[in-house]
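Student: Using our numbering, the first residue of the sequence shown is number 1, and each one after it goes up by one.
Using N, Cα and C, we set each Cβ at its ideal position, and we do this for glycine too.
Remember, predicted model here, so these are calculated numbers, not experimental data.
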Amino acid sequence: MGVNAAEAAGGSGSGQAADFDSHLGIAQASQTVADYLNSKGEGSTNSNEIKDLAKNGSGDVKQAAEYLVDHKGVLDAIDTHDAAGVDGLMYTSNVEWAAQGGLADSSVQSQANTDDAIGQMKATFDSAIASSAKVTQVTTEEKSILDSAKQRPQN
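Written out as structure tokens, the structure reads:
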């Protein structure tokens with residue numbers, strides 16, 4: 001029995017999506033997805049269903065699935081927890097294992113931490129660029145006003 005992405009509307013809908021996303025890690029994302037799967041009575045899932053949740057889900061479930069999909073190797077590590085080789089199939093208990101910190105000391109976690117740090121740097125940089133653009137806009141407008149005032153004949 002597969003996960004129906006339309007059912008993912010059962011996300012928390014807390015209105016704090018940005019806060020949830022900014023504090024998301026492998027364990028929390030895995031816990032959110034595991035809770036969702038358990039609430040649907042799902043004993044197993046596959047990487048395509050998690051990718052579908054990331055694309056078509058909603059709320060915290062969508063963000064958690066996006067996190068798992070976007071961080072290289074996380075789904076593969078969950079998939080191969082109890083079997084050698086990636087086959088795309090995983091038990092809900094594998095997702096729960098990741099939620100309990102099963103990947104905490106792994107290279108997958110290190111890569112996720114690196115990806116998160118780079119994402120935070122990009123967000124800070126984008127914010128600085130936006131602020132700089134606003135300053136440039138305001139100073140350009142003020143300079144235009146001053147220049148036009150200088151060009152008026154004084155009587």
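1) When burial is assigned at 16 or more other CB atoms within 10 Å of the CB, is Gly101 buried or exposed?
2) Here's a check: name, in chain order, each residue in its chain whose Cβ is nearer than 6 Å to the Cβ of Ser30, leaving out the five neighbours to either side.
3) Look up Ser44 in the DSSP assignment and say whether it is helix, strand or coil.
4) DSSP puts Leu89 in a beta bridge; with which residues?
5) The alpha helix (DSSP H) that contains Ala34, what's its start and end?
6) By Cβ distance, which residues of its chain are closer than 6 Å to Ala27, with the 5 residues on each side in sequence left out?
7) Among residues of its own chain, excluding the 5 on either side of Val138, which ones have a beta-carbon nearer than 8 Å to its beta-carbon?
Tutor: So, from the listed chains and residues:
1) So Gly101 counts as exposed.
2) Result list for Ser30: Val95, Ala98 and Ala99, in chain order.
3) Note: Ser44 maps to strand in three-state DSSP.
4) Answer by DSSP bridge pairing, in chain order: Asn46.
5) Unbroken alpha helix (DSSP H) run through Ala34: Ile26 to Ser39.
6) Correct list, in chain order: Ala99 and Gly101.
7) Scanning its chain for C-beta atoms nearer than 8 Å, with the 5 sequence neighbours on each side dropped, one finds no residue around Val138.
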